[in-house]
Amino acid sequence: MESRWLTLGFTSGALATLGALVVAAPARAATLQYWWFDAQTNQLVFTTDSQVQPRAQLLVNPTRIVVDLPNTQLGNTNASQTVGGAVREVRAGQFDRQTARLVIELAPGYSLNPQDVRVQGVRPNQWAVQLPTLSQGTAPASGALPAPTATANRVQGNTGTGAGSILSGVVTTGDGFLIRLSGTAPTPTVQITSDDADNRFAIIDLPNTAVAGNLRPDDLPNYRYSILAWDVAQQPTNPPSTRITLRLGPTSPDWRALRNNSGVIVLPPSGVPISSIADEPVPLAAAPRTPPPAQAAPPQPQTPSPTPTPPPTRAVEPPALPTVPNGRVVVAIDPGHGGRDPGAVGINSLQEIQVIFPISLRVTELLEAQGVTVVMTRRDNVTVDLQARADTANRAQANLFVSIHANAISMSRPDVNGIESYYSSETGRRLAATLQASMLAATGMRDRGVKQARFYVLRQTTMPAALLEVGFVTGAQDAPKLADPAWRETMAQAIARGILQYIQQGL
Ligand code: ZN
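Quick note: the sequence shown, position 422, residue 421 per numbering that gives the first Met the number 0, numbers continuous.
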């Protein structure tokens, strides 16, 4: 367990209070009388029966802010408060005989800049811990990939201290990009990933690297070469590490990151000469300065459905699956993620791949048992790029193609739940609609509709194709279901049933 002390930001009023406290430190033990976290204002308020001098620190794994009250006993307060959104939970306990402790635990995927936390003395016995607006976008400690959403340059968490090297800027050169560092340059790693909406990202991790406190988004390259946006995020690890996420334009090659002989890090393109890469056209409208809260795939805002969600209609014993003539029908099943790309991460660190891989394998089993020939785009948890997956289905001359995903949106939107199905060409519409109806009937989950979207695997496959989002790993209603093997069996049955119904209705 790693920790480092917060740089506390005191207001001027609090400073005066604090000065008085240091002079007149309480001799007798205080009692924590009351505390409450207000999700609207992102503020923890607590009171004691006499003066205290709280100390705050940031801990990771999981990321949490710990507020210690020396010489304080825990009174008859509530033990914990479930908050939801960026803050998972706040709890109170007796850390040791002299110290009461309040813990603000963040939801997975969230982090904050310690310098943005304000500990403010309201009165000598009342304090407020003000958190900044919390954002996602840094890697969970597990190393799983985030769902990067940046559409504009962004710099996060930069303290400029505590690491072997400090990133002070990025320069565009005739060979690519150069990352300006002071101190000992780290050994970088690069991962190329993509999300469900075909956005591609290069994720460059720099261990033991902090980001200069004065680095601003405007200091980063702006639409140079084929990069749409840069996201530089210092991670709350000890020592700090830094993740640079490049949002790649549609014609971008992959990128590499190398530490060269003179101890600087350069980013050359992979496999193509730099001369073949054009700058991205700068949009006519000003680029948005803040990223959208949602993952790129579903742009619809979640509004309450005018008709109430019907109650679950799931039968205890699902009726037998229809059969099809042996071997004459070929179905391509595409587990949407695998290998280096585990997909989205949601509540309780639930990863998309943990949901969709077992479902995909089970759908395959169920279909094969009914006489369908199934080609999977991957049978194992390995990385397969989008084109290779389409190629597998096309080469096998599959009759239909089903890509299986779980959805995600910002961790601050646990209210967004439900199932949606996508198609690209008209031939996929009936398949998507049949599968959506089957999933809804089996699970009673919220219906987010059948929608058209130009997902790569839908565009590049030559047969009727659908992409399923079986629920939200970030949804308060959905996530516990998605984590439940019994629900996954129900969902696999529903998808298999829908595919068989589609086949029976005529290919
Ligand atoms: Zn996915």
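Idealized CB from N, CA, C, for every residue including glycine.
Computed from a prediction, not measured in an experiment: that's the story for all the values here.
| Asked | Found |
| --- | --- |
| Cβ-heavy atom distance, G335 to the ligand ZN, below 6 Å | yes |
| Identity of the residue in V44, D67, P61 and D333 nearest R54 by Cα | D67 |
| For V329, the first and last residue of its enclosing beta strand (DSSP E) | V329 to P334 |
| Bridge partner(s) assigned by DSSP for R63 | L58 and E104 |
| Every unbroken beta strand (DSSP E) within the stretch 335 to 417, with a cutoff of 3 residues, ordered by chain | 372 to 375 and 399 to 406 |
| Whether D174 touches I273 by CB criterion (7 Å) | yes |
| Which residues DSSP lists as bridging Y421, in chain order | K450 and L466 |
| From Y501, R199, I264 and T192, residue whose alpha carbon lies closest to that of T180 | One point to set straight first is that residue 180 is Leu, not Thr, in the sequence displayed. Considering only alpha carbons, the answer is I264. |
| Separation of V102 from A28, as counted between CA atoms | 20 Å |
| heavy atom of the ligand ZN below 6 Å from G338 C-beta | no |
| Where R223 falls: helix, strand or coil (DSSP) | coil |
| Of the listed residues F471, M462 and P238, nearest to N393 (C-alpha basis) | M462 |
| Residue of T30, G417, D278 and I502 minimising C-alpha distance to S251 | D278 |
| Terminal residues of the alpha helix (DSSP H) in which L439 lies | R428 to T442 |
| Environment of P334 [buried if 16+ CB atoms lie within 10 Å] | buried |
| Pick from A343, P321, V189 and S240 that is closest to P267, judged by C-alpha positions | V189 |
| Whole-number beta carbon distance between T71 and V51, since they are thought to touch under 8 Å | 6 Å |
| Own chain, CB closer than 8 Å to Q93, minus 5 neighbours either side, in chain order | Q72, L73, A99 and R100 |
| Nearest neighbour of S167, chosen from L57, T208, Q80 and H336 [CA to CA] | T208 |
| beta-carbon E351 near the ligand ZN non-hydrogen atom, thresh 6 Å | yes |
| Bridge partner(s) assigned by DSSP for V118 | V128 |
| Contact the stretch 403 to 421 vs the stretch 349 to 367: 3+ CB pairs below 8 Å | yes |
| Within 7 Å, strictly: CB atoms of T363 and I332 | yes |
| Which of helix, strand or coil DSSP assigns to D483 | coil |
| Whole-Å CB distance - Q129 paired with N41, under 8 Å assumed | 7 Å |
| Contact test: G342 Cβ vs the ligand ZN heavy atom, cutoff 6 Å | yes |
| Among S348, Q56 and R458, the one whose alpha carbon lies nearest that of P107 | S348 |
| Three-pair Cβ contact test at 8 Å for the stretch 448 to 460 versus the stretch 482 to 491 | no |
| C-beta atoms of L366 and V374 nearer than 7 Å | no |
| Test item: CB-CB of R258 and A184 under 7 Å | yes |
| R153 vs D95 beta-carbon contact at 7 Å | no |
| For I203, the three-state DSSP class (helix, strand or coil) | strand |
| Helix, strand or coil at I494 according to DSSP, with G and I counted as helix | helix |
| Nearest-angstrom Cα separation, counted from E468 out to I418 | 6 Å |
| Proximity to R388 [Cα-Cα], best of H336, L219, T81 and S423 | H336 |
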